[in-house]
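Here is the structure we will look at.
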Amino acid sequence: MTIQSHLALPPTSSRTFIRRAIVLTAAIVAILGGVSTMRVEAAENSVVAVVNADPISRDALASASVERYGTDVLDNLINRHLIMQECNRRGLGVTNEEVRTEIFRVAKKFGLNVESYLQLLQEERDITPDQYSREIIWPMLALRKLVADEVVVSQDEFNRAFVSQYGEAIKCRMVMVQDQSQATQLHAQAVAEPSSFARLAKEFSEDPTSASVGGLIPPIRRYMGDQAIEDAAFALDVAEVSDVLPVGDHWMFLQAVRRMPASQPAPQALPAIKEQINDRIRDEKMKTAASQLFAQLQEQAQVVKVLGDAEASAKYPGVAAIINGQQVSIANVAAECIKRHGESVLEGEINRKLLTQALAKSGKKISNEDLKREIERAAISFGYMNANGSADIEGWFAAVLEGGPGTREVYIEDVVWPSVALKKLVEDETNLTQEDLQQGFESHYGPRAEVLACVLSDQRSAQKVWEMARDNPTDQFFGQLANQYSIEPVSSSNFGKVPPIRKHGGQPSVEKEVFQMKPGDLSGIIATGDKYIILRCQGFTEPVVSDFSAVQEELRSVLIEKKMNVAMGMKYDQLKQTAEIDNFFVAAKEIPRVAAESNGTR
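Residue numbers for the sequence shown follow this note's numbering, so the first one is 40 and each next one is one higher.
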């Protein structure tokens, strides 16, 4: 008898029952302790998820989030605190309205409304609107305010910018190569025969973009970049070739194509142009000044990082860092970690809970030796081996931890442990039969069918192509049909040629048809999923290995690994599908908060 039937609950009531149980427990504690309704809500909110009646607390989520992302989040918090302290010292601030206005301005610059722009940030860069406002826009606006008094646009700066935008320009061709002696030889040819410049650029220039159009580059204007190149270009007459100039680790020379006279904006447009140019110069100078100020704040700051330092943590319990004498609590860091990464971390904790429950139910345990073997297996499978053939553990850890959050312990907990747990859960169910070995041998070492293929999206088109292929039974004609009609890119671009087909490769209907064919045969129309495939057989390859015993052990290892991976995936899906999971954290994010006003309270 199940717990559910024992309690006489209908199947759909179990989750409601769990929620009520949690709230009831909190209410009893509140009544006995004489605390307020707010404490009851706090007790309820302290549980972020329930997995098969086993709760995950917010404290556990906070601890897991800090363990994985605490260092990165703390660095960001320190930077924001430095900026905030300097703003407070100078009596400056950034309002929410200023943040909203800046987001609107940036979105408009990309031709998007605010909602679309924020959605794009979340989808493409995984940055939430709140994170974008607090961690990107606010610091930027604050730094700009801190340096605003230092940024002044001079008349000379305006004049240069105006000339670079509206002044005279030189349209040029360019040849660029890495070898100086080759540049000298090509330059001599160009000077001797200026009309050959476009040909020389196309044949020899190592800048592919300009080489493809005979060396043509965008017009060169004054005050846009490298003064030496600008001076060389403006010194040329039409068709004249410049000297050879060094550019980084390359050498280049130019040929003037034509001189483009300066443009004269309409008088009524000049005020708007002046404002636009001034704004652009001011923005660029502010970015530079803000970067310099921020670097100065970091250099002058007295920062003690406590998080991750056992000795400092013992001295300053509950503190993550001390910035110019001001403490940042671990609770603050944890809250930031949860804001940014809580959803993904909680998903990992839920999965860990499911696996822990399944292991306990099956009476299985994971030892340190199990974890070590899995790490060694992974290292060897990706080619991290010492000279003696053993696993290069240090090299493997360096590779998997590079550029990612966390430590060895986090990697073992998040990647190695779940893999070992799933293997433990399916190891008794994963056995190889003689049929598995035979099919694996045929798939890995047996003959391959070499075919031409044409893939169609509907049966009517397939029937039409099949009749044309039947009436003109040649490889060349079939290839032309595939190039014209196939909707599959490889077969279309290669005139029907596709990788050889092997037995037991996961396409049973195609394999059954093709291994009954002879060279020159045309298949029937093979329906698979929502596609229709026509094949023309060109022949079969010879088996790679004929002696089964020579590869039996290696094959057994490969097949058991594949079979176990499939079983692990199925077991994980089964655990997820049969589990009773309430994720209050995600639900709280999805359900909008509505303010109910009553007697002036909310």
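Quick reminder that beta carbons are idealized off the backbone N, C-alpha and C, glycines included.
Would you mind working out which of the options sits nearest residue i, comparing C-alpha positions?
i    : options                : result
Q228 : F292, S193, V190, Q266 : F292
V32  : D165, I312, E137, M179 : There is simply no residue 32 to check, as the chain begins at 40 and stops at 641 in what is shown.
S85  : D98, Q124, P528        : D98
I95  : M556, R391, V138, Q616 : R391
I522 : D510, R509, V537       : It is worth fixing the name first, because residue 522 is Asn in this sequence and not Ile. Among D510, R509, V537, the Cα nearest to that of N522 is on V537.
T446 : I599, P356, Y108, A92  : Y108
A399 : A430, L464, G347, S458 : L464
S368 : V112, D569, A92        : V112
P258 : C211, Q161, C576       : C211
N127 : R321, L346, Q365       : Q365
D318 : A187, A437, P512, C576 : A187
A305 : Y205, Q219, E350       : Y205
Q224 : E163, W290, I166, D270 : W290
I564 : K344, Q158, V553       : V553
Q502 : L275, L574, L598, A222 : L574
Q396 : Y611, D165, A508, T134 : Y611
Please report the straight-line C-alpha distance between residue i and residue j, rounded to a whole angstrom.
i    : j    : result
N427 : Y156 : 54 Å
K404 : Y450 : 19 Å
V283 : H226 : 7 Å
P486 : P582 : 5 Å
H45  : A460 : Its pLDDT being 31, under 50, H45 is placed unreliably by the model, and the measurement read from it follows with that caveat. For H45 and A460, the distance between alpha carbons rounds to 31 Å.
S585 : Q478 : 14 Å
V277 : Q303 : 23 Å
H543 : E550 : 7 Å
M263 : E125 : 35 Å
T248 : A240 : 11 Å
M325 : V89  : 50 Å
A340 : I362 : 7 Å
S234 : A208 : 22 Å
L172 : G545 : Going by the sequence as given, residue 172 is Ser instead of Leu. Spanning the two alpha carbons is a distance of roughly 49 Å.
T110 : V191 : 38 Å
D93  : T617 : 15 Å
Q170 : V105 : 17 Å
E141 : R129 : 22 Å
A488 : V504 : 22 Å
P310 : R199 : 17 Å
L594 : S482 : 11 Å
D510 : Y484 : 36 Å
G357 : N371 : 10 Å
A237 : G287 : 23 Å
A349 : E448 : 16 Å
N425 : W435 : 11 Å
Would you mind sorting residue i into buried or exposed? The rule is 16 or more other CB atoms within 10 Å of its CB.
i    : result
I540 : buried
L471 : exposed
F587 : exposed
E388 : buried
S525 : buried
L131 : exposed
A267 : exposed
L393 : buried
G535 : buried
G518 : buried
G72  : In this prediction, G72 scores a pLDDT of 40, lower than 50, which makes its location untrustworthy; the coordinate-derived value is nonetheless stated afterwards. G72 comes out exposed.
F579 : buried
S562 : buried
R183 : buried
A566 : exposed
S281 : buried
R480 : According to the sequence as given, residue 480 is Phe; it is not Arg. Its Cβ being crowded by 16 or more others within 10 Å, F480 is buried.
R260 : buried
Could you tell me which residues DSSP pairs with residue i in its beta bridges?
i    : result
I565 : I572
V89  : P94, D621
A430 : M424
F579 : A488
M213 : L293
K536 : L491
V252 : Bridge partners of V252: none, in fact.
**OP:** Give a yes or no on contact between the segment 110-127 and the segment 143-158, applying the rule of three or more CB pairs nearer than 8 Å.
**Re:** At 8 Å Cβ cutoff, the stretches do not touch.
Subject >> Stretch-stretch touch, CB-based, cutoff 8 Å, three pairs: the segment 297-311 with the segment 169-181 >> reply: As far as the Cβ criterion goes, the segment 297-311 does not touch the segment 169-181, which means the pair count is below three.
Original post:
Should the segment 379-394 be regarded as contacting the segment 608-627, the criterion being three or more beta carbon pairs within less than 8 Å?
Top reply: Under the Cβ criterion (8 Å, minimum of three pairs), the segment 379-394 counts as touching the segment 608-627.
Original post:
Counting pairs of beta carbons, one from the segment 240-253 and one from the segment 189-199, are three or more of them closer than 8 Å?
Top reply: No, the segment 240-253 is not in contact with the segment 189-199.
Original post:
Any chance the segment 528-545 sits against the segment 598-613, with 3 or more Cβ pairs inside 8 Å?
Top reply: With the cut-off at 8 Å, the segment 528-545 and the segment 598-613 do not touch.
Original post:
With contact counted as at least three CB pairs below 8 Å, one residue from each stretch, are the segment 232-244 and the segment 215-224 in contact?
Top reply: The segment 232-244 is in contact with the segment 215-224.
Original post:
Are the segment 368-379 and the segment 100-113 in contact at 8 Å, needing three or more beta carbon pairs?
Top reply: Touching, yes.
Subject >> Contact the segment 489-502 vs the segment 587-596: 3+ CB pairs below 8 Å >> reply: Cβ pair count under 8 Å is below three, so no.
**OP:** Would you be able to state if there are at least three C-beta pairs under 8 Å between the segment 400-416 and the segment 138-148?
**Re:** They do not touch, by the three-pair rule.
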